[in-house]
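J.: Numbering (the numbering used here), first residue to last: 303 to 445. No residue lacks a Cβ here, since even glycine has one placed at the ideal position from N, Cα and C. From a predicted model like this one, the values you see are computed outputs, not experimental measurements.
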Ligand SMILES: Cc1cc2nc3c(=O)[nH]c(=O)nc-3n(C[C@H](O)[C@H](O)[C@H](O)COP(=O)(O)O)c2cc1C
């Protein structure tokens with residue numbers, strides 16, 4: 303059983319929907335999953351996870367403040383080689399996924415085992431499921 307930590311933030315619910323669904327699917331696959339907002343998470347929490355996921359939406363072509371603050375706070379976490387993946391909700395340009403993945407790869411030296419999920423905002427849950435399912439299947443296969 304893999305210990306998975308999902309750290310995300312969301313202003314209008316899109317990224318939260320992804321995080322909740324990913325957590326539910328990975329729990330159904332019998333992994334131990336914790337989901338947390340960034341303010342509560344420490345470097346030690348990240349280090350204790352077997353698999354780390356970061357999620358955040360794009361606003362004004364950027365990551366939102368709480369996720370940026372969090373990345374500064376945990377900048378010295380020892381995450382080299384730790385497997386992980388990122389996800390984001392976006393409207394039209396979606397820069398946040400690249401920012402998260404760049405940070406995971408270049409600052410933390412993590413091993414991103416799948417391409418991140420970048421999902422265009424939608425209120426239709428079936429569309430969220432259709433995007434999240436293959437993403438989680440890929441992750442599950444890599445664990
Ligand atoms: C003020 C504002 C600025 C936004 N800026 C961008 C942007 O620069 N690029 C983009 O792709 N989406 C942008 N969006 C759309 C959001 O990324 C989209 O609504 C996303 O689903 C929000 O995720 P959340 O519900 O997890 O907060 C913006 C939305 C608002 C309200």
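Report the three-state DSSP secondary structure of residue 438 (helix, strand or coil).
T.: What you label residue 438 is simply residue 136 of the chain shown in a count that begins at 1. Looking at residue 438 - three-state DSSP - the assignment turns out to be helix.
J.: DSSP three-state call for residue 312: helix, strand or coil?
T.: Indexing the chain shown from 1 puts residue 312 at position 10. Residue 312: coil per DSSP, three-state reduction.
J.: Given residue 382, which residues of its chain have a CB within under 8 Å of its CB, disregarding the five upstream and five downstream residues?
T.: Residue mapping note: residue 382 aligns to position 80 of the chain shown, counting from 1. 410, 411, 412, listed in sequence order.
J.: Distance, Cα to Cα, residue 402 vs residue 356?
T.: Taking the chain shown and counting its residues from 1, the one referred to as residue 402 is at position 100. Taking the chain shown and counting its residues from 1, the one referred to as residue 356 is at position 54. If I take the Cα positions, the gap works out to 7 Å.
J.: Whose C-alpha, out of 443, 427, 444, 445, is nearest the C-alpha of residue 321?
T.: As a working mapping, residue 321 is identified with position 19 in the chain shown. Nearest of 443, 427, 444, 445 to residue 321, Cα basis: 427.
J.: For residue 395, count neighbouring C-beta atoms within 10 Å of its own C-beta (all shown protein chains included) and say buried if the count is 16 or more, exposed if not.
T.: Within the chain shown, numbered from 1, the residue matching residue 395 stands at position 93. Exposed is the call here.
J.: Please write down, chain order preserved, every residue whose beta carbon lies under 7 Å from a heavy atom of ligand 1.
T.: 312, 313, 314, 315, 316, 317, 318, 359, 360, 361, 362, 363, 391, 392, 393, 394, 395, 396, 397, 423
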